[in-house]
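Written below as structure tokens is the structure these notes are about.
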Amino acid sequence: MTRAQDAERRSGRAHGLAADPAVDRGRLDDSQLARRLAERDVDALAVFYDRYGGLAYSIALRILGDTGRAEDVVQDVFLKIWRAAPGFDPARGQLRTWLITAVRNRSVDYLRGRGAYQRRELELSPELATTGSDPWEQVSLSLEQDAVREALISLPAEQRQVVELAYFSGYTGGEIAGMIDAPLSTVKGRMRLALEKLRSYLQGRGLEVDV
Amino acid sequence: MSEQRGDPFEETIAAYVLGATDAEETRAVERHLAECAECRELERRLREVAVMLPLAAQGAEPSPDLRQRILAGAGARAEDTRAAPARQRRVIPWPRLAMPRMALAVITVLVLAIAGLGVWNVSLHGQLDRAQAAVATRRMEPASTTLASARGSVLLLNGQNLLVVSFHDMPQPAEGQVYELWLGEGGRFVPAGVFRPDPQGSKVVAVDEHGARYSVIALTVEPGPDGTAQPTQAPGMSGSL
């Protein structure tokens, strides 16, 4: 096999997938995009990155605070999803949720020095709903981002603090209890209250809290 | 759960979905979830919120190389991994739409200043003291590969009931099609103007609507010359207001 033929094979073009001119991949919704990824369509990977690469990087950067490490995490996660895509079942959850959960978990693992492969972030919870076809996913994403930021800001400071320390810094409840000099039960209670309030806030903004 | 109030698992499940349980607690929660339908329901409800938390991250842009590295790592061909071409500076065409005199004056100052700085997406803070209070800038980001190299900037002229949207590096829409702008709030969108870019791919559009009423601006390709009443296509660009 020549180098060019090998490149064709690896890119998926040998299967005619990426050379399909009738498909504008930019218009695929996430479920359709997931199917294309599973079919090893590298153009779909480019669209996937163009759609969510900035979001993934923003998440990693927020957690890690370092541009180089944030890019390493994003690269790692996108390639892991690419490799695992043939096993992805769109009926079991959203592609975006898969990505952002993996980026968050991998970033926290880096931050805390945990083994990068100890997690099972590529297993989606079957309860996570799929949205089906939605041509306005990008606009919805922007709305959701605004709403989540506002929801976090709306929390009482002590509740926001425990959520930030747990979710974005990767500390356990016990560690947080030590840091803020509060009983573990108090920390857990604040976490529970925070999540319930966030849910109410987001639902009050008309968002389906159903990622 | 948890017929008794104060069942420790109720609180621990919140920590569990936030990833804040240690290994021993995690195993205990998972064992409990396997046998308690009520706690599984609680876990589902709380996890639905937790997985949205990453969306709170403020927007940041990775280096262009990252896209290239990822596609190269996936075995894409060289042409697939080519970085987007460097963005060219463009002369900003003058908006032709009618607009209030005060807004026109503010835009005149801004366009002259921006032309002098040579950059459209520039922070004007500290540069234009008088205009500063009146103006906020937002970016519109490409949401499709067709518009991957396009740029969109929005000026919100506070108190002038006016948005000024500037596009650059826009490909020409197909014959018979136009770009249509939309303003959105709560999942509902109203049309905010149609246009075709000039031969250089630029266009400045003034939208005589109060941007404060809307949280999102988006762009689609629609049938020309008048566009449509509701979007029929996926957005090619979008941004928060």
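Listed in order, the protein sequences are those of chains A and B.
According to numbering that gives the first Met the number 0, the first sequence is numbered sequentially starting from 0.
According to numbering that gives the first Met the number 0, the second sequence is numbered sequentially starting from 0.
By construction, the Cβ of each residue, glycine as well, lies at the ideal position given by its N, Cα and C atoms.
Every value quoted in this text rests on a predicted model; they were computed, and no experiment measured them.
Against chain A, the beta carbon of B:L180 has no neighbour under 8 Å; the closest one sits roughly 12 Å away.
Flagged as an interface residue toward chain B: A:M190, by a C-beta distance shorter than 7 Å. With contacts defined by Cβ atoms closer than 7 Å, B:R39 and B:V16 do not form a contacting pair.
Around the beta carbon of B:S62, fewer than 16 other beta carbons sit within 10 angstroms, so the residue counts as exposed. Listed in chain order, the positions of the segment 46 to 80 of chain A with a beta carbon within less than 9 Å of a beta carbon of chain B are V46, Y48, D49, R50, G52, G53, L54, A55, Y56, S57, I58, A59, L60, R61, I62, T66, A69, E70, V73, Q74, F77, L78.
Shown here, B:P141 sits in a strand according to DSSP, grouped into three states. Below 8 Å, too few C-beta pairs join the segment 60 to 79 of chain A and the segment 179 to 190 of chain A to call them touching: fewer than three. Contact between B:G235 and B:S165 is absent: CB atoms are separated by about 16 Å, not below the 8 Å threshold. Residues of the segment 47 to 59 of chain B with a C-beta atom less than 9 Å from some C-beta of chain A are E47, V48, A49, V50, M51, L52, P53, L54, A55, A56, Q57, G58, A59, listed in chain order. With a minimum length of 3 residues, there is no unbroken run of beta strand (DSSP E) contained wholly in the segment 57 to 118 of chain A.
For B:A205, no CB of chain A lies under 7 Å from its own CB, so it is not counted at the interface with that chain. Taking one beta carbon from each stretch, the segment 28 to 41 of chain A and the segment 25 to 33 of chain B have fewer than 3 pairs nearer than 8 Å; the two do not touch. In this structure, B:G183 and A:V41 do not form a Cβ contact; the two beta carbons are roughly 32 Å apart against a cut-off of 8 Å. A residue is called buried when at least 16 other Cβ atoms come within 10 angstroms of its Cβ; B:Q232 meets this threshold and is buried. Rounded to whole angstroms, the separation of the alpha carbons of B:W181 and B:F188 is 6 Å.
Residue state for B:P222 is assigned as strand, using DSSP reduced to three classes. Between B:V193 and B:D225, the beta carbon gap of about 6 Å places them in contact (Cβ cut-off 8 Å).
A:E149 is positioned such that its CB atom lies no closer than 7 Å to that of B:L54.
Contact of B:E10 with chain A by beta-carbon distance below 7 Å involves S184, K187, G188, R191. Boundaries of the alpha helix (DSSP H) around B:P63: 63 to 72. Around the beta-carbon of B:P230, 16 or more other beta-carbon atoms lie within 10 Å, marking it buried. Here the alpha carbon of B:R212 sits roughly 12 Å from the alpha carbon of B:L162. Of the candidates A:E70, A:Y51, A:L32, A:L32 places its Cα closest to the Cα of A:P85.
Taking each of A:Y109, A:R191, A:S141 in turn and checking the Cα distance to A:R61, the smallest one comes out for A:Y109. Think of a sphere of 9 Å around the beta carbon of B:R44: the chain A residues whose beta carbon falls inside it are L194, E195, R198, V208, in chain order. For B:E179, the enclosing beta strand (DSSP E) starts and ends at 176 to 184. As the crow flies, the alpha-carbon of A:E163 is around 29 Å from that of B:I69. With its beta carbon at least 7 Å from every one in chain B, A:A156 lies outside the interface. With fewer than 16 other beta carbons inside 10 angstroms of its own, B:Q171 counts as exposed. At a cut-off of 7 Å between beta-carbon atoms, A:D108 makes no contact with chain B.
By the criterion of a C-beta distance shorter than 6 Å, A:A43 is surrounded in its chain by R24, L32, R35, L36, once the five residues flanking it on both sides are discounted. Listed along the chain, the chain A residues whose CB falls inside 8 Å of the CB of B:T20 are T171, G172.
Residue range 22 to 34 is occupied by the alpha helix (DSSP H) that includes B:A22. Boundaries of the beta strand (DSSP E) harbouring B:A205: 202 to 206, taken from the DSSP string. B:I216 has B:L182, B:G238 as its beta-bridge partners, per DSSP.
DSSP, read as helix, strand or coil, puts A:G203 in helix.
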